[in-house]
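> Following the working numbering, the numbering of the sequence shown begins with -14 at its first residue and continues without gaps. Glycine included, C-beta positions come from ideal geometry on N, C-alpha and C.
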Amino acid sequence: MQFLNVNQVLQKWGKYVVQQSRSNLTKAKKGYENKLYKSLGYNVLEKKNATEVSFTMLDYGKFVDKGVRGKDPSKVSPNAKITGQQAPNSIYRFGSGSARGTWDSFVEKMSVWAKSKRLRLRDEKGKFAKGNYEAIGYIVAKNIYSRGIKPTMFFTKPYERAFIKYDKDLAIAIGMDMANEIKKEFNGN
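1. For Asp50, count neighbouring C-beta atoms within 10 Å of its own C-beta (all shown protein chains included) and say buried if the count is 16 or more, exposed if not.
2. Please list, in chain order, all residues of the same chain as Asn(-8) whose beta carbon is under 7 angstroms from its beta carbon, the five residues on each side excluded.
3. Identify whether Phe39 lies in helix, strand or coil by the three-state DSSP scheme.
4. Where does Ile215 sit, in a helix, a strand or coil, going by DSSP?
5. For my contact list, Lys150 and Tyr1 are in at a C-beta cut-off of 8 angstroms; report their separation, rounded to the angstrom.
6. So Asn(-8) is in the alpha helix (DSSP H); what residue range does that whole segment cover?
7. DSSP beta-bridge partners for Val92?
8. Would the beta-carbon of Leu43 fall within 8 angstroms of that of Ser24?
9. Distance, Cα to Cα, Ser75 vs Pro136?
10. Only counting the same chain, and skipping five residues up and downstream in sequence, which positions put a Cβ closer than 8 angstroms to that of Thr41?
11. Taking the continuous alpha helix (DSSP H) assigned at Asn208, which residues delimit it?
12. Is it right to say Gly46 is buried, meaning 16 or more other beta carbons lie within 10 angstroms of its own, or is it exposed?
13. In the DSSP output, which residue or residues are listed as bridge partners for Tyr27?
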């Protein structure tokens, strides 16, 4: 069976979800250096008796979307602007993986981020200290690890809205494709 009409609807569906997800990332100022933004895509695949739409993004996109539970929010500095568990219902949580040695990488990435944002610590006299991005990276990484990452739902919300937006079009397309297939059978094609 050919799914010509269904494929057209799924193309619109995929394009809508990607466009809305990118818009959400931009509004939320997420996707460090636009890598996540650029990685978003979709494919419509037709199989023998089925067709499907699949979405692609960098692996860390699922953590940005669903959030990550912190290991122990009580260990966040009392001076921190953001406190408490950021994603209490997330299926992802810090400290649950088996990846050893990633802490140094995480701190290093936070140091690079701090440098790109020109964040600096103050010395005893209240003046900005030079450099020391490694210390800032460690502080930021420790706070994120402890409190977690707040979910953005940048992908989930557009995906769910697409069901509502395209459900009637998809039902009509399925009916049209089935009618075309039945016509072929009766006409002997």
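Short version:
1. By the C-beta density criterion, Asp50 is buried, having at least 16 other C-beta atoms within 10 angstroms.
2. Cβ neighbours of Asn(-8) beyond the five flanking positions: Val29, Glu31 and Thr36.
3. The question names Phe, but residue 39 is Ser in the sequence shown. DSSP places Ser39 in strand when its eight states are reduced to three.
4. For the chain, the structure presents residues -14 to 174; residue 215 sits outside this window and is missing.
5. At roughly 7 angstroms, the Cβ-Cβ gap stays under 8 angstroms, so Lys150 and Tyr1 are in contact.
6. From DSSP, the alpha helix (DSSP H) with Asn(-8) extends over Leu(-11) to Ala13.
7. Within the DSSP secondary-structure output, Val92 pairs in no beta bridge.
8. For the 8 angstroms CB-CB criterion, Leu43 and Ser24 form a contact.
9. Straight-line Cα distance between these residues: approximately 8 angstroms.
10. Excluding sequence positions up to five before and after Thr41, its CB lies within less than 8 angstroms of the CB of Ser24, Leu25, Gly26, Tyr27 and Asn28, all in the same chain and listed in chain order.
11. What the structure shows of the chain is the stretch from -14 to 174, and residue 208 is not part of that stretch, so it cannot be assessed.
12. By the neighbour-count rule (16 or more Cβ atoms within 10 Å), Gly46 is buried.
13. Note: Tyr27 sits in a beta bridge opposite Phe40.
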